[in-house]
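Residue numbers (our numbering): 16 to 544.
The beta-carbon is built from N, C-alpha and C at its ideal position, and this holds for glycine as well.
These numbers were taken from a predicted model, which means no experiment stands behind them.
Scroll down for the structure; my scribbles are underneath it.
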């Protein structure tokens, strides 16, 4: 396959224009990525004319090079995603494409799918257009380059304006970035900043805009769907909060669909209950109120119902921020694990976490096959041709992309955790590039108990959500019979249960040291001081 890719010629701008591409080389596109990035999927620029702003986002035109039913396509589909490891990248595409022809390098012509989004006075997106284009990126910049540069202030302001219309949880967490070079390991813990948030905001806006554009045309798509929390898990978390004396109660998730009447929602709930118990009932027929709803929105959670749940979760998070540390981390931990995983689906179910009705992955076709598929469907729409992928194909692709992306994430998380933990065990520190000899680091960590599930105690090492490990209850004393209570609030000594002997409480500080590394689970093995 590498040999096939190597035979692909360089971009010929003149031929690209003869083929009907739109020439956008005059636009001041830049890429903004991590310093170590080699594959530049996306470029951005903001044009201000006659008092109006237009956000332009250009995405590498991978679909031009990877045609359906070719050897390159079969390999890309079987991988479905690139895998990012501490010591290497396992790319979805051959290097000739991922690092060269499809990468939006500066000062060279590149083929791109460009999207223009007009910004209205109320910070919402107006008219959207898409083009098969040719561009020339002016600079390849890092997030650090953009962060404090005055030239990007207008773009930062735009991103902030777009976010002010959002109602979604702020669950930003640290990203561990271990790097392995021969025997040396270095680790940085990166938190989101204004530059990363700006690019994320622009990519979300682009993905949503393309979702709406193609959804209105009833295009078969691998929708990026994210369901609301499950009712039983909400009930369990509410019970835990009540037992802890925390004045937070989350509402039960709604199942009301877009445009559905309350009567139809009730009929749907009763129908689901009846069918789950093989019960035959009648009289559930009701006008569902969805007659005027576009087809692609009929399975999406009603926006107002979704908004109510998100507002309540956001209020809970805000309440948690005012709690003392002993409970704040526990609430944050509970809210985070309440959310379900997003999946690729042939049916549009909406994206709960982003509070969006129509969301697809479009902005990273170099590393995700689902994005490449959406590009092909967009090209079909622009050329007024039959859809490249049928409903049946999209169903299979959605299942494959979901399975492979979850497996890739598991591999990434496990190896990142292992590299990070090995770094700590060697005596390395956060953000340090220096390591001591291969001896166990006995320094004390100011950990906090964030979970109790017999026989494990889960701890947050530096009380900021970035690094976690676990400690086996047997380390708290030989011969003691320890167990957790019903809600996982306390660790109790069963031999002294009548005297209410509490050994540990959820949320309390519990200093510990590193004992080793559990290679099976990829987690730090901790020990009491």
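Query                                                                                                                   : Result
For residue 138 and residue 177, the rounded distance between their alpha carbons                                       : 5 Å
Counted within 10 angstroms of its Cβ, other Cβ atoms place residue 206 as buried (16 or more) or exposed               : exposed
Per-residue DSSP class, three states only, for residue 66                                                               : coil
C-beta atoms of residue 382 and residue 132 nearer than 8 Å                                                             : no
Boundaries of the alpha helix (DSSP H) in which residue 229 is found, first to last residue                             : 209-230
Three-state secondary structure assigned by DSSP to residue 500                                                         : coil
is_contact[residue 212, chain D] using C-beta, thresh 8 Å                                                               : Note that chain D does not occur in the displayed structure, where there is just one protein chain.
Residue 302 burial status per 10 Å Cβ neighbour count (16 or more: buried)                                              : Residue placement at residue 302 cannot be trusted, given a pLDDT of 49 that sits under 50; the coordinates are not used to answer.
Residue 467 versus residue 416 - alpha carbon distance                                                                  : 34 Å
CA-to-CA distance, residue 265 to residue 476, given in whole angstroms                                                 : 28 Å
Nonlocal neighbours in the same chain, by C-beta distance under 7 Å from residue 43, ignoring five residues either side : 60, 153
For residue 434, three-class secondary structure by DSSP                                                                : helix
Rounded separation between residue 159 and residue 319 - CA only                                                        : 38 Å
According to DSSP, residues forming a beta bridge with residue 551                                                      : Any answer about residue 551 is impossible in this case: the structure gives the chain only from 16 up to 544.
Nearest-angstrom Cβ-Cβ length linking residue 51 and residue 384, presumed shorter than 8 Å                             : Actually they are not in contact, since the Cβ atoms of residue 51 and residue 384 sit about 23 Å apart, beyond 8 Å.
Expected contact under 8 Å - CB spacing of residue 497 and residue 508 to nearest Å                                     : 6 Å
Residue 82, DSSP secondary structure in three states                                                                    : coil
Residue environment, residue 510, which counts as buried when at least 16 other CB atoms sit within 10 Å                : exposed
Sufficient close CB pairs (3 or more, under 8 Å) joining the segment 157-174 to the segment 118-132                     : no
Span of the alpha helix (DSSP H), counted from its first residue to its last, around residue 176                        : 168-178
The segment 30-50 in contact with the segment 82-89 per 3-pair CB rule at 8 Å                                           : no
Environment of residue 428 [buried if 16+ CB atoms lie within 10 Å]                                                     : exposed
Beta-carbon proximity of residue 78 to residue 127, cut-off 8 Å                                                         : no
Among 337, 487, 18, 221, nearest to residue 373 - alpha-carbon criterion                                                : 221
Whether residue 527 touches residue 541 by CB criterion (8 Å)                                                           : yes
Host alpha helix (DSSP H) of residue 19 (start-end)                                                                     : 17-21
Cβ shell of residue 31 (< 8 Å), same chain only, five flanking positions each side left out                             : 124, 126, 149
Nearest neighbour of residue 233, chosen from 433, 46, 406, 524 [CA to CA]                                              : 406
Cutoff 7 Å; reference residue 142; Cβ partners in own chain excluding five residues on either side                      : 133
Assigned exposure category for residue 254 - 16 Cβ within 10 Å defines buried                                           : exposed
Test item: CB-CB of residue 214 and residue 19 under 8 Å                                                                : no
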